[in-house]
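Numbering (our numbering), first residue to last: 3 to 493.
Step one of this worksheet: look at the structure below.
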Ligand code: ATP
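Structural data, given as structure tokens:
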């Protein structure tokens with residue numbers, strides 16, 4: 003993860019938001035290379051989920067909506083995480099991510115330790131327990147450390163558990179519900195009546211526009227409405243870089259089906275389709291997985307949910323959730339708005355509220371998975387190099403165009419004309435500075451699949467060197483055939 007963080011900074015993929023003011027936790031800015039990669043991810047999703055399907059249409063909703071939307075959806079009352087405050091340090095923790103354990107030696111309790119959720123937290127907790135034992139100068143055999151979340155601690159235990167920040171016991175509060183929605187005000191008067199929320203998901207914009215889409219298009223069931231857009235959640239503990247941030251982008255689809263349709267098979271199909279999409283991006287198969295949610299852990303309205311997971315350096319985590327949500331959302335909005343959201347099925351002459359399958363992915367989590375999957379270090383001609391083995395369709399820059407020497411006007415001129423021609427088709431990069439090997443290396447590091455070098459032979463015979471990123475193999479290609487040759491490789 004450290005190598006990826008350093009690459010992101012060094013090469014302009016991602017920066018901390020407002021860095022010159024010390025940054026603000028949970029917010030990030032995508033730099034010149036990063037925003038190209040992010041755009042490519044979103045474009046491929048839109049292409050595959052919307053444009054290449056006749057049964058799915060797109061929508062682009064505002065991020066601030068009528069506050070009643072969030073009442074109806076249940077977010078205003080229920081979109082909350084239990085949190086614990088440290089009264090001394092003023093730090094705030096999610097109760098399900100803060101663990102504690104009693105420490106006992108030869109069966110005798112000597113105190114408590116606390117531990118934030120982490121990949122190696124069991125080992126870290128055992129080390130803390132050893133330190134406590136040494137501090138208390140106690141001899142003997144330590145009993146096994148059994149971590150539990152702070153939500154399971156009783157009042158007596160809570161008074162003795164040390165704060166993870168200060169190490170002092172007795173400063174943690176009991177868990178309280180904390181709503182994750184950011185609030186704002188609409189208009190000049192900032193009172194309760196003008197309060198609004200920044201949307202915590204894009205899905206509700208789709209549900210409240212369901213009738214508009216049905217009335218303005220010729221959709222027939224089953225059909226989907228898709229949206230890409232920003233979402234905001236005031237996460238208590240943003241962490242793992244962009245994985246859990248407070249402002250992020252979602253790519254969501256609501257796929258509506260008839261109430262008597264075989265929802266299990268639609269759900270299965272969408273899990274397969276979405277998994278296949280991640281493979282089509284070139285993400286390594288062995289890093290992808292599926293997690294089926296246990297029935298007893300599902301939200302009351304959900305019938306099934308399967309996550310697509312990725313093995314990030316900090317653990318296996320969800321990139322996308324595919325839920326079967328029945329007709330919960332449309333029912334709530336119909337009740338709350340008093341407007342009928344029923345669909346008239348011309349084939350059966352029936353009116354009903356369709357059910358829905360919801361594949362919901364986070365752009366930033368896909369971005370991070372793509373980087374982690376593509377990152378590699380290898381040795382080329384006895385030199386170590388960092389290379390991003392990105393699939394050409396995702397690569398922020400498709401080709402680098404280099405004159406062999408920058409002080410030869412004929413080479414510069416020819417390479418500029420090739421660059422300007424390719425620029426009409428793709429995002430390409432021209433660079434004349436530094437040794438050619440260094441220029442190749444800079445392109446390898448940001449995942450550029452091809453490098454084109456204009457040398458003295460080019461002036462003679464109208465060909466250039468085309469170098470391939472992964473193998474570093476080089477071939478000669480006629481300048482007149484470059485666009486076609488690249489198109490074949492990039493598509
Ligand atoms: P988690 O359990 O990790 O908080 P979630 O189950 O609450 O996620 P959903 O509400 O299902 O997530 O949101 C759909 C998708 O939006 C997730 O699969 C994820 O890719 C993305 N997402 C959710 N919260 C965040 C966040 N704080 N930062 C980045 N992406 C997020």
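The beta-carbon is built from N, C-alpha and C at its ideal position, and this holds for glycine as well.
In whole angstroms, what is the alpha-carbon distance linking residue 447 and residue 190? Each residue's Cα considered, the two are about 49 Å apart.
Exposed or buried, residue 54, counting other C-beta atoms within 10 Å across all chains shown (16 or more means buried)? It is exposed - the Cβ of residue 54 has fewer than 16 other Cβ atoms within 10 Å.
In or out: residue 463 buried (at least 16 other Cβ within 10 Å) or exposed? The residue is exposed, with fewer than 16 neighbouring Cβ atoms inside 10 Å.
Restricting to runs no shorter than 3 residues, where is the beta strand (DSSP E) found entirely within the segment 89 to 150? Segments of the beta strand (DSSP E) lying fully in the segment 89 to 150: 94 to 96, 100 to 107, 110 to 118.
To the nearest angstrom, how far is the alpha carbon of residue 178 from that of residue 84? Pairing residue 178 with residue 84, the inter-Cα distance amounts to about 5 Å.
Among 476, 415, 396, whose alpha-carbon lies nearest the alpha-carbon of residue 285? Its Cα nearest to that of residue 285, the residue 396 stands out among 476, 415, 396.
Check: residue 321 C-beta below 7 Å from any heavy atom of the ligand ATP: Flag set: Cβ of residue 321 near the ligand ATP.
Apart from the five residues just before and just after residue 366, which ones in its own chain have a Cβ nearer than 7 Å to its Cβ? The beta carbon of residue 366 lies closer than 7 Å to those of 244, 247, 250, 251 in the same chain, with the five residues before and after it left out.
Where does residue 170 land, buried or exposed, given buried means 16+ other C-beta within 10 angstroms? Answer is exposed; the Cβ neighbour count stays below 16.
Closer than 7 Å: is that where the CB of residue 250 sits relative to any heavy atom of the ligand ATP? Yes; taking the cut-off as 7 Å, the Cβ of residue 250 has a heavy atom of the ligand ATP nearer than that.
Name the DSSP beta bridge partners of residue 307, please? Residue 307 is bridged to 325.
Please determine whether the Cβ atom of residue 366 lies at a distance below 7 Å from any heavy atom of the ligand ATP. The closest heavy atom of the ligand ATP lies less than 7 Å from the beta carbon of residue 366.
Rounded C-beta distance between residue 321 and residue 376? I'm assuming under 8 Å. With a Cβ gap of about 15 Å, residue 321 and residue 376 do not count as contacting.
Is the beta carbon of residue 368 less than 8 Å from the beta carbon of residue 380? Cβ distance not < 8 Å, so residue 368 and residue 380 don't count as in contact.
Beta-ladder partner(s) of residue 453, from DSSP: Looking at the DSSP assignment, residue 453 forms a beta bridge with 402, 469.
From 163, 461, 473, pick the residue whose C-alpha is nearest to that of residue 387; which is it? Looking at the Cα atoms, 473 is the closest of the given residues.
Closer than 7 Å: is that where the CB of residue 460 sits relative to any heavy atom of the ligand ATP? Flag unset: Cβ of residue 460 not near the ligand ATP.
Between which two residues does the alpha helix (DSSP H) holding residue 364 run? That residue, residue 364, is in no alpha helix (DSSP H); its beta strand (DSSP E) goes 357 to 364.
Nearest-angstrom Cα separation, counted from residue 4 out to residue 130: Taking the straight line from one Cα to the other gives about 24 Å.
Examine the Cβ distances between the segment 336 to 355 and the segment 4 to 15 and report whether three or more of them are shorter than 8 Å. No, the segment 336 to 355 is not in contact with the segment 4 to 15.
What span of residues does the alpha helix (DSSP H) with residue 168 cover, start to end? Neither: residue 168 is in no alpha helix (DSSP H) and is coded neither H nor E.
Helix, strand or coil at residue 48 according to DSSP, with G and I counted as helix: Looking at residue 48 - three-state DSSP - the assignment turns out to be helix.
Compare the Cα-Cα distances from residue 201 to each of 215, 151, 192, 233 and report the closest residue. Nearest C-alpha to residue 201: 233.
Identify whether residue 373 lies in helix, strand or coil by the three-state DSSP scheme. In this structure, residue 373 counts as helix in the three-state DSSP scheme.
Pairwise C-alpha distance: residue 42 and residue 452: Taking the straight line joining both Cα atoms gives about 17 Å.
Reduced DSSP secondary structure (H/G/I, E/B, other) of residue 56: Of the three classes helix, strand and coil, the one that applies to residue 56 here is coil, per DSSP.
Of the residues 393, 224, 392, 458, which one's Cα is nearest the Cα of residue 406? In terms of CA proximity to residue 406, 458 leads the group 393, 224, 392, 458.
Taking the alpha carbon of residue 229 as the reference point, which residue from 255, 223, 214 has its own alpha carbon closest? Here the closest residue by C-alpha is 255.
Alpha-carbon to alpha-carbon, residue 342 and residue 267: Residue 267 and residue 342 have their alpha carbons spaced roughly 28 Å apart.
Check whether residue 105 and residue 143 have beta carbons under 8 Å apart: Against a cut-off of 8 Å, the Cβ pair of residue 143 and residue 105 comes out as no contact.
Can we count residue 235 as close to the ligand ATP, meaning its CB is less than 7 Å from some heavy atom? At least one heavy atom of the ligand ATP is nearer than 7 Å to the Cβ of residue 235, so yes.
Would you say the segment 160 to 167 touches the segment 87 to 101, given that touching needs at least three Cβ pairs under 8 Å? The segment 160 to 167 is in contact with the segment 87 to 101.
CB of residue 180 to nearest heavy atom of the ligand ATP: below 7 Å? Taking non-hydrogen atoms of the ligand ATP into account, the C-beta of residue 180 is found less than 7 Å away from none of them.
Verify the CB distance criterion: does residue 145 have a CB-CB separation below 8 Å to chain B? This model lacks chain B altogether, as it is built from one protein chain only.
Closest Cα partner of residue 114 within the set 336, 103, 324, 122: Relative to the Cα of residue 114, the nearest Cα in the group 336, 103, 324, 122 belongs to 103.
Measuring CB atoms only, is the segment 202 to 212 touching the segment 328 to 342, in the sense that at least three cross pairs come out at less than 8 Å? Output reads yes: the segment 328 to 342 touches the segment 202 to 212.
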